[in-house]
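Chains as they are written, first to last, in my numbering: chain A, 2 to 320; chain B, 2 to 320; chain C, 2 to 320; chain D, 2 to 320; chain E, 2 to 320. Even glycine gets a Cβ: it sits at the ideal position worked out from N, Cα and C. As the structure is a prediction and not an experimental result, all values here were calculated from the model.
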Amino acid sequence: MRTLFTTLGKQENDVSDIHTCFELSHRDGFWLDIEQPNDDDYNLLEHVFKFHPLTIEDIKHQNQRPKLDEYTDYNFAVLFQATWENETIVPLEHHLFVGPTYLVTVHLEPSPPIKELQDRITRSPELTKSKPAFLTYLVIDTLVDASFPVLDQLDDTVDALEDDITDKASPDSLNRIYHLKHSVTELRRLFGAQRDLFQKLITHGVTLQQEDMTLYYRDVYDHIVRQYETVDSLRDLLTSAMDVYLSTVSNRLNRTTTTLAVIASIFLPLSFLTGFYGMNFTYLTAILETPYAAFWVGVATMVASVVFQIYLFRRRGWI
Amino acid sequence: MRTLFTTLGKQENDVSDIHTCFELSHRDGFWLDIEQPNDDDYNLLEHVFKFHPLTIEDIKHQNQRPKLDEYTDYNFAVLFQATWENETIVPLEHHLFVGPTYLVTVHLEPSPPIKELQDRITRSPELTKSKPAFLTYLVIDTLVDASFPVLDQLDDTVDALEDDITDKASPDSLNRIYHLKHSVTELRRLFGAQRDLFQKLITHGVTLQQEDMTLYYRDVYDHIVRQYETVDSLRDLLTSAMDVYLSTVSNRLNRTTTTLAVIASIFLPLSFLTGFYGMNFTYLTAILETPYAAFWVGVATMVASVVFQIYLFRRRGWI
Amino acid sequence: MRTLFTTLGKQENDVSDIHTCFELSHRDGFWLDIEQPNDDDYNLLEHVFKFHPLTIEDIKHQNQRPKLDEYTDYNFAVLFQATWENETIVPLEHHLFVGPTYLVTVHLEPSPPIKELQDRITRSPELTKSKPAFLTYLVIDTLVDASFPVLDQLDDTVDALEDDITDKASPDSLNRIYHLKHSVTELRRLFGAQRDLFQKLITHGVTLQQEDMTLYYRDVYDHIVRQYETVDSLRDLLTSAMDVYLSTVSNRLNRTTTTLAVIASIFLPLSFLTGFYGMNFTYLTAILETPYAAFWVGVATMVASVVFQIYLFRRRGWI
Amino acid sequence: MRTLFTTLGKQENDVSDIHTCFELSHRDGFWLDIEQPNDDDYNLLEHVFKFHPLTIEDIKHQNQRPKLDEYTDYNFAVLFQATWENETIVPLEHHLFVGPTYLVTVHLEPSPPIKELQDRITRSPELTKSKPAFLTYLVIDTLVDASFPVLDQLDDTVDALEDDITDKASPDSLNRIYHLKHSVTELRRLFGAQRDLFQKLITHGVTLQQEDMTLYYRDVYDHIVRQYETVDSLRDLLTSAMDVYLSTVSNRLNRTTTTLAVIASIFLPLSFLTGFYGMNFTYLTAILETPYAAFWVGVATMVASVVFQIYLFRRRGWI
Amino acid sequence: MRTLFTTLGKQENDVSDIHTCFELSHRDGFWLDIEQPNDDDYNLLEHVFKFHPLTIEDIKHQNQRPKLDEYTDYNFAVLFQATWENETIVPLEHHLFVGPTYLVTVHLEPSPPIKELQDRITRSPELTKSKPAFLTYLVIDTLVDASFPVLDQLDDTVDALEDDITDKASPDSLNRIYHLKHSVTELRRLFGAQRDLFQKLITHGVTLQQEDMTLYYRDVYDHIVRQYETVDSLRDLLTSAMDVYLSTVSNRLNRTTTTLAVIASIFLPLSFLTGFYGMNFTYLTAILETPYAAFWVGVATMVASVVFQIYLFRRRGWI
C-alpha cells in the first residue's frame, strides 16, 4: 500500500501512475510510504529509484540491525520501534531511503505512529515547513518517540513484578522476570545500535538534504540515549529482581523451617512425657496410682514444658 | 516567578517591564531566574530572548538528560540536583541559558540552593566579580555542590541498612535495598551524563562568555566526578548488601535447622526408650516389676542418652 | 583435494598440472579451494604461490584466532564458521589467501557451505560477475552466513533448556547450561575477533583487488555484528538461566519442607494425644473407663486438632 | 609545622623568616613541607606563593580526588597514600605544589613516609642530585611506594579471611568481607584516578621543571598500575569470597539436615515398633506373653531396622 | 650463570673475559643470557652495558609488570611465562635488554624454554638467520609460546573440577575453585599487560634493530591475544563453576530434605495409629479384645496408610 505526500502536504493515495507523480512532486520534494510491499513495489524501488539490490534484500529478509548506509545519491537507514504485544516486546522494523528531495519509508506491518503522523500532516501541512529535510526529521522523530510509551509500560511491569515477588515469589514470577530480561536484552541491543547510528549522523551531518538539521537530530539523539539508558537500568533492575526472588524464597524457607522447629520443640517433649508416664515399670505405676495429685503433677510437667518452650521461642523472636 | 540580578548584585523583583530592565542591565550582564514558568515566561524566552523552540519544548516536557547544546549566540544546559524526599532520591531538573552577557535559569519547582545563592549575592555582591561568566560559574557550582549532602545521607542510609541486615534480615530490608538500588542506578545515570557534559565543557571551553573560566570548571568537574564515583561505589555496595542479605538468611536457616536437629536428636531416642519400656511383652513387664532398680536403670538409660547427645553436639559446635 | 574455479565459472577438478591451469586462469582470475591439504598442497602454497612460511605454519597448527594479515602482494585471513555437532558447537577454521587476481581457500575438514557455493557457481556462473573481487566476497559472505542456522538452533536449545529448568531443574540441566555457556563463551570470542577483522577491512578497504567492494563488506560486517550480539545475549541468558535454576531448586526445597512441616504439625499433636490417653495414671484410666463418652471425647479432641491445623495451613497458603 | 630542604640537602627548621630563606634557597631550589597547616601557613601559600584560592580551598576541605591541575607557573597535585588503621584502610591525602625551582607539600596529618624521606635526605644529601625536579620525583615516588606494604597486608588479610570462611563461616566473617570490600572499592577508586593522573603526566611531561624525568615517572606509573591491578584483583577475590561464604553455609546446612534425617530415619521406625508392641489388641498381647522368644524377636526387628538404615546411609555416603 | 651466543650460533660459556667476547661478537651480534645474576653480573649490566639504574633495580626487586621501556640506545622489556607448580600457577619473570646488535636476557630462576632454545640453536645455528633481530624474535616467541602447555593443563583442571563438582560438591572443590580463580585472575592481569605491550610494539615497530620484524611480532601478538582470551574464558568458567557448586549443594539439600519428609510421612502416621490402638479407653480396649479381626483390621489400617503415602510420593516424583 503506497501513500505519497509532497512537502506541501498534498496526499495522493492513487499512486499507480507513479512516474507522473514523481515529476510533479520532484519540484517540491515528497514522502512515499510503502506498507507491506509487494513485488510491484520492490520493482519500483529497484528499477525506478535505482536503489542498491543489497538494500532491497535487507527489506525482504527483515531482521536487520539499526544501521545507516551511505550510497552516492541516497542514504539507507533501518530503524526500530518497540511495541508491546501480549506482555512481550516486539520490535517493528522500518526501512528509510533518504534522497536529496525525497524520503521513502518501507515497513512490512502497519505502523500506527506513521499513520498518525500522516494524519497530522494532512490536518496541518505547515508542519513540514515545505522542506524534504524537515519531513525526514518528522518521520524519524515520530518513529523514535513511539518507543517511549512502551518503555513506560515496561517500567510499570517491572515495578509490579517486584511487588509481586516480595508478596508471593511464585515460580510464575520467576518465569516472567526471565522472559522480560530476554526482551530487555534484545531492546538494549537495538537501542544501542540506534544510538551509535544517530551519533554518526550528528557527527557527519546528513549531507544529502541541504538543510542544516543538526539541532533537530541532536534532540532525537538525546531521546534515543534516554531510551537506551532506561533499558539499561531496567536490565539491571531485573537482575536485582532475580536476586530478590531468591532471597525471598530463602526467607520463606526459613519461616517454614522455623514453624517446623516450633512444632517439633513443643510436641516431641510432650510425647516423651506421655510416653514416660505410660511406661510399664511397677514402681512408676505404683506412684501414678495416687488418685489426684500424681495426674495433676504429670499434667503440670507438660504445661511447664510448653510454657518454657514458648518463653524460649519468644526470646529468639520465633513467635 | 522571576528574579533578576545584575552582576553588580542589584536584585530587581519587579520584572514586569522586562524590556527596560534588559536595556539597563545589558551593560552589566544579568541573571534571570524563572521559577514555575507560566505561559508569559515561555513567551519571554521564545520571543524576547529568541531561544530555539526545541529548548522551550525541553523545559515544558521536563524529564530530559543532563546536556549542553550549543546554539549560535547562547548555550542551553540541563543540570540535575539530587534531593532527598521521604527516603527516596528525587532529581530536580534545572534549565540554563547562557548568553554572552546574561544567564537565564528555569526550574519548575522551588530550588533551595538557588534561593540560598541569591541571598548570598544580595548580602555580598562582590561574589560575582561583576562578570556574567563568574555569575554563571557560581550558579553551576551551587547546583552541583547541592548534591553532596544527599550523597552523604545516602551513604549513611546504606551503612545503616547493612547493620540492619546482619542484625535482622527482614524482608523489609530487602525491599529497601532494592529501592535504594533503583534510585542509585538512576542517579548514576544522571551524574554520568553530567560528568560527560563537563568534560566537553572543559575541553571546548565556554566560548560565549569571554572570561577564561577553565580553572573553575575543572574544579566543578572534579566534584562531579567524585559524585559519580561515590554513586558508583554505592551501587556496588548495594549489590554486595543483597549478597550479604542472602547469606545472612541462609545462616539463620542453618541455625534454625540446627535447633530442630538438636531437639529431634534428644527427644526421638527418649521417646523410643519410653516406648520400649511401655511394650506389652510379658518377659519385659516381668523384669520391670522389680520394684526400684528397674525404674532407675530405665531412667539412667534416658539420662545417658541425653548426656551422650549433648557431648556430640558440643563436639560439633552446635550448642 | 583441490577444486579450481575461474571467475567465468569454469570448474577444473583435475588440477595436477597446476602451472598450466594458472597461466590459463590468470587472465580471468580464479578461486582454488584446497580441502584436507597434504604435503604436496603445502609445497604448492609455499613455493608456487610464495606464501609466507608463517601462514603455512598457521594452517598446519590450526587453532588460530580470526585475523587478517596483510602481506605485500596478498592478504591472509582466518575465518571461523560455527557448526553444531552432537549438542555442542564446533568452530570450523578456514584459511583464505586473497591475491590481486585469485583467491585460495584452505580447510582441513569438508566445508558444506563452500561445497554448496561451488554448486551454485557451477549452475549459474554469472554470480561471480567475472571479477575475482566479487568471487572473494561470495566466499566470505557464504562462510559468515553459514553460522546463522547454528545460532538459531542454539537459541532454540537455550529456550528449551529454560522451560526444562522451571519444569524439572534436574542436575543434568545444570550440566547442560554449563557446557552451553562454555561453547557460547568460545563462540563470542571468535565472533568478537571476526567483527574487529571486518571493521578493519571496511575502514582500510581491500586494497589488492581493485573493485570497490565496501558496500558489500559493510553488509557482511552487519551480519557479523548481529551474530556477535546474538551470542552475547545468549551468554547473558545462560547466566540468568543458572540463576533461575538455583531459584527453582530453592523453591522446590521450600515446597518439600512445607510438606514436612504439614505432616509433622498434624501427626505430632495427634501422637501426643494418643500418648496422653495411654498414660498409666489411675485417675486418668478411671475417667477413660466411662463406656462411650470418654472415647468419643478423646477422638473429638484429635479431630479438632487436625481441623484446627488445616485451618491454620489454609490461612498461610500451605495447602 | 614547616620543614624546609634545599636541593643541597640543607634542612632549615626555623622557617619563620621565610622571605630570607626563599631568597637564599631560590638559587638552589627547595622543598617546603607543611604539616597540619594553620592560618599562617595558608596565608603564606596564598599571598607569598600566590597559589590559586581554589587550591587553598581544596587543602582546607580535604576529601578531594587524586588530580593534577596545571596553573601558569606551577602545578597542583593531590596524591593519596593508603594506611592501615584498626583493620581498616584509611587513605591519607597529600597536596603538592610543584614550581620551576621548588616543591611545597601540605598534609593535615603526620606522614611517616615523608618523615622517613627527610631523614634519608639529611643523611645522604646527594640523593637529590641537586635538582628540584629530582627532589619532586623522590617525594612522589616515596608517597606512591608507601602504599605497597598496606596492599601486602590487605592481601594477607583476604587470604586469612578465606581460610576462616571455609573453616567457620561465622556471620562475623561476612561482616568483615563486606567492610573490606568497602575499603577496597574506595582504594580502587583512588588508585584509578592516580593512575590516570600519572598517565597524563607521562604523556604531557612535567613542563615546568626543565629536567626530563619521563624515565623516572614511567617507573612510578608502573608501580601505580600494579597497585591498581592488585586492588582490582582483591575486589574480585572478595566477591568470590562472598560466594564461597554462601556455598559454605549451604554445605553446612546440608550436613545439619543430613544429621537430622539420619536420626529421624533411625528412631521413627524404632518408635513405631515399640508402639506396635505396646498396642492393646488382645490377640497381640496374647502372642507377646510367650515368655522369651517373643521379646527377643521384637528386639531383633528393632536391631534389623537400625542395621538396614545404617546400610542405606552408608550407600548414600551420609555417614 | 652467563651464556653467550653469537648470531652465527657459536656458544661461548666461558664469558669471564667479557670485553674480548664483546669486541669479537659485536660484528655478528650476540645474545647474552644471565641466570641467577650475582653482583658481578649487575656490575656488567650497569657499567659495561651502561643500562639505566632503574632497570637494574627492576631486575633486583622482581615482581614487575610486563612492560616495554624505551631508552635512547636500547629497549628494556619484562616478560612473564606461566609455569605450573604443585597445582598452582607460578609466573616466571624474564628481563630483556634489546640493543641494536645484541640481546641480553636476565632471569633469577632456571628457565627451561630458554635452555631448550639454546640447545636448538646449538644444533641448528641457521635458525638465527645471522641477524640479531631474528634472534630476539626467537627468544620472545619461545617465552610466549611456553605458556601454552600451562593453559592447556589449566583448561583440563577446570574441566575435571567441574565434573568433580556435579559429582561430589565437596568443600575441597570449592577451595580449589577459589584458588584457581586467584591464579587465573593474576594470569589475566599479566597477559593483559603483555598484550598491550605487544600491541605497542607492533604499532611503533622495533626501531633499534633494523630488520623489519613486524610480520613476526604480529604472529607473537596473535598468540598472546589467544592466551589472554583463554585465561579470560577460564575466569568466566570458574565463576560459573562456583554457581554450579552452589546449585549442586542446594539440589543435594533438596534430596536430603525429601528423604526426611518421606520417612516422617510414613512413620509419623504409623506411630499415631500404634498410639491410638494403645490408648486406655475401656471402650476401645473392649473392641480390641475381639480375638483376630480387630488386630488384622488394625494392621490393615497401617498398611493402607503406607500404601497411600507411597502412592502420593510417586505422584510427586519423590521416589
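Between which two residues does the beta strand (DSSP E) harbouring C/V99 extend?
Start and end: T89 to V99.
Would you list the residues sitting across from A/R3 in a DSSP beta bridge?
BP columns for A/R3 point to A/I35.
Need the endpoints of the alpha helix (DSSP H) that C/D70 sits in, please.
Premise fails: C/D70 lies in the beta strand (DSSP E), K68 to Y72, not in any alpha helix (DSSP H).
Would you mind stating whether A/V263 and A/F314 have Cβ atoms separated by less than 7 Å?
Yes.
Checking 7 Å against the spacing of the C-beta atoms, do B/F296 and A/Y284 come in under that value?
Yes, the Cβ-Cβ distance between B/F296 and A/Y284 is below 7 Å.
Which class does B/H48 belong to by DSSP, given the choice of helix, strand or coil?
It is helical.
Which residue from B/A83, B/D59, B/V226 and B/H48 puts its Cα closest to that of B/P150?
Ranking B/A83, B/D59, B/V226 and B/H48 by Cα distance to B/P150 puts B/A83 first.
Could you have a look at D/E290 and say whether DSSP puts it in helix, strand or coil?
If DSSP states are grouped into helix, strand and coil, D/E290 belongs with coil.
Given this structure, state the Cα-to-Cα distance separating E/I57 from E/Y72, to the nearest angstrom.
About 13 Å.
Give a yes or no on whether 7 Å exceeds the smallest Cβ distance from B/G100 to chain A.
Answer no: the Cβ-Cβ gap between B/G100 and chain A never drops below 7 Å.
Comparing the C-beta of B/K61 with each C-beta of chain A, is any distance below 7 Å?
With 7 Å as the cut-off, B/K61 does not count as an interface residue toward chain A.
Check whether the segment 177-184 of chain D touches the segment 247-263 of chain D, taking contact to mean three or more Cβ pairs, one atom from each stretch, closer than 8 Å.
Output reads no: the segment 247-263 of chain D does not touch the segment 177-184 of chain D.
According to DSSP, is E/W319 helix, strand or coil?
Note: E/W319 maps to coil in three-state DSSP.
CB A/Q200 to CB A/I225, shorter than 7 Å?
Not closer than 7 Å, so no.
How would you label A/I122, buried or exposed, when you count the other beta carbons within 10 angstroms and need 16 or more for buried?
Buried is the call here.
For the beta strand (DSSP E) that contains B/H108, what are its first and last residues?
Y103 to H108 is the span of the beta strand (DSSP E), which, as asked, contains B/H108.
Under the assumption that B/R3 contacts B/L33 (Cβ atoms under 8 Å), give the Cβ distance between them as a whole number of angstroms.
6 Å between Cβ atoms; contact.
May I ask you to report which of helix, strand or coil DSSP gives D/F135?
Helix, per DSSP.
Tell me whether A/H48 is buried or exposed, calling it buried when 16 or more other Cβ atoms sit within 10 Å of its Cβ.
The residue in question, A/H48, is exposed, as its Cβ has fewer than 16 Cβ neighbours within 10 Å.
Taking 7 Å as the limit between beta carbons, can you name the residues of its chain near C/S148, skipping five residues before and five after?
Answer for C/S148: Q82, A83 and Q228, listed in chain order.
Determine the DSSP secondary structure at D/Y75, reduced to helix, strand or coil.
Three-state result, D/Y75: coil.
Taking all protein chains shown into account, do 16 or more other C-beta atoms lie within 10 angstroms of the C-beta of C/H108, making it buried, or fewer, making it exposed?
Per the 10 Å Cβ criterion, buried.
Distance cutoff 7 Å, beta carbons only. Does C/K51 sit that close to anything in chain E?
So, not an interface residue.
Give every residue of the same chain whose Cβ lies closer than 7 Å to the Cβ of D/L191, excluding the five residues on either side of it in the sequence, and list them in chain order.
For D/L191, where only same-chain residues beyond five positions count, the Cβ hits under 7 Å are P67, F81 and P92.
Rounded to whole angstroms, what's the CA-CA distance from C/I178 to B/R253? Just pull it up for me.
Each residue's Cα considered, the two are about 30 Å apart.
So D/G279 contacts chain E; which residues on that side make the cut at Cβ distance below 8 Å?
Neighbours of D/G279 on chain E, chain order: T275 and G279.
Let me see if you follow: with CB-CB separation under 7 Å, is C/S131 close to chain A or not?
No, because no Cβ of chain A sits closer than 7 Å to the Cβ of C/S131.
Just to confirm, is the Cβ distance from D/S266 to E/V250 under 7 Å?
Taking 7 Å as the Cβ cut-off, D/S266 and E/V250 do not qualify as a contacting pair.
Would you call the segment 34-43 of chain A and the segment 100-119 of chain A in contact, with 3 or more CB pairs under 8 Å?
Yes, they touch.
Going by Cα to Cα distance, which pick from A/S272, A/D244 and A/M280 is closest to C/F277?
When only C-alpha atoms are compared, the closest one is A/S272.
DSSP puts D/A83 in a beta bridge; with which residues?
Answer is D/P92.
Answer with buried or exposed for E/Q65, where buried requires no fewer than 16 other C-beta atoms within 10 angstroms of its C-beta.
Flag for E/Q65 reads buried.
Hey, how far is the Cα of C/N76 from the Cα of A/D40?
The straight-line gap from Cα to Cα measures roughly 41 Å.
Let me know if B/T204 comes out buried or exposed under the rule of 16 or more other beta-carbons within 10 Å of its beta-carbon.
With fewer than 16 other Cβ atoms within 10 Å, it is exposed.
To the nearest angstrom, how far is it from the Cα of D/Y1 to the Cα of E/L175?
This structure cannot settle anything about residue 1 of chain D, because the visible part of chain D is limited to 2 through 320.
Whole angstroms are fine: how far does the CA of C/Y222 sit from the CA of D/F52?
C-alpha separation (whole angstroms): 55 Å.
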